[in-house]
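In the working numbering, the protein residues as written are 22 to 260. Think of the CB as a built atom: it goes at the ideal place given N, C-alpha and C, for glycine as much as any other residue. Note that the coordinates shown come from a computational prediction; the quantities given were computed from them, not determined experimentally.
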C-alpha cells in the first residue's frame with residue numbers, strides 16, 4: 022500500500038510478541054508475503070490532544086467511536102520534507118484514516134494557524150476537528166517498522182513495530198527520534214491491516230505460536246505509563 026495514499030478504511034488487529042515468536046512467525050509469513058519496498062524504516066509522529074488529554078482518556082475507555090490527530094513523517098524530516106497530517110477515526114472496530122500531505126514547515130503553520138494551500142475535503146474534516154477540540158502537540162512517538170504486503174490481496178498488510186520510543190518535550194519531528202522506550206527490548210507489536218477475514222495459514226500460525234490479539238494503543242500505553250510517574254504536564258505550542 023503506497024505511503025502517499027490519502028484515504029484508508031480497514032480493520033486493524035494487534036498482537037504483542039517476543040523476539041522468539043517474531044522469528045518463528047516471520048518464517049511462515051515469508052512463504053506467503055513479501056517485505057515492502059521500504060524495508061526497515063522509522064515512523065515519527067506528533068500526537069495532538071486537548072490540554073487535559075481528553076482524547077486519549079476517552080480512547081482508553083473504549084467508546085464505540087473515537088478519533089485522534091497526528092503529524093507523521095517517514096524518517097526524520099527536514100523543514101521542507103513532505104509529511105502527513107492524519108485524522109484517524111475508529112467506529113465499531115472499523116478504522117478510517119484520512120490524511121493530507123504537505124511540507125513540514127507548512128504543516129506546522131497549518132496546525133498552529135490554520136494556514137495551508139490545501140483545499141481538499143479531508144482538510145475541511147481536519148479543520149472541523151481542530152475547531153472543535155483545539156488540540157495542541159502533546160506527545161512524540163517513534164518506532165522502527167517492517168511491513169509485509171500480499172501480492173494477491175493489496176488490502177492485506179502486516180506490520181511489525183519495534184523500539185517504540187516517546188518524549189513529552191521537544192515536540193518537533195526534525196529534532197530526531199530519541200526518547201524513552203515503552204517496551205522491554207525484543208518485544209514487537211504486530212498489526213494486521215485487513216478488509217476481510219484473516220487468511221487461514223496465518224490464523225493457524227498464530228494459534229500454534231500462542232500469539233493472541235490484544236488491545237494495544239501506543240499513545241494510550243505511554244499515557245498510562247507516564248501517569249504512574251507523575252508525567253503528562255507538558256504542553257507545547259509551535260511558535
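Scanning the region 136-179 for uninterrupted beta strand (DSSP E) segments of 3 residues or longer gives 157-171, listed from N- to C-terminal end.
Per the coordinates, the alpha-carbon of residue 90 lies some 5 Å from the alpha-carbon of residue 108.
Note that the C-beta distance between residue 164 and residue 190 is not below 7 Å. DSSP places residue 126 outside any beta strand (DSSP E); the residue lies instead in the alpha helix (DSSP H), whose first and last residues are 125-134. Residue environment: residue 177 is assigned as buried (16 or more neighbouring CB atoms within 10 Å of its CB, all protein chains considered).
A contact between stretches requires three or more CB pairs, one per stretch, nearer than 8 Å, and the region 58-68 meets this requirement with the region 85-100.
Between residue 44 and residue 230, the CB-CB gap reaches or exceeds 7 Å. Take residue 180, set aside five residues on each side of it, and the residues of its chain with a beta-carbon closer than 8 Å to its own are 166, 167, 168, 169, 211, 212 and 214, in chain order. Between residue 159 and residue 70, the C-beta gap is smaller than 7 Å, which places the two residues in contact. Nearest to residue 115 by C-alpha distance, out of 241, 206 and 31, is 31.
Taking the Cα of residue 152 as reference, the smallest distance to any Cα among 220, 139, 131 and 172 is reached at 131. Rounded to the nearest angstrom, the gap between the Cα atoms of residue 157 and residue 134 is 12 Å.
DSSP, reduced to helix, strand and coil, places residue 77 within a helical segment of the structure shown. By a beta-carbon distance limit of 8 Å, residue 207 contacts residue 40. Their separation comes to about 4 Å. The C-beta of residue 127 has 16 or more other C-beta atoms within 10 Å across all chains shown, which makes the residue buried.
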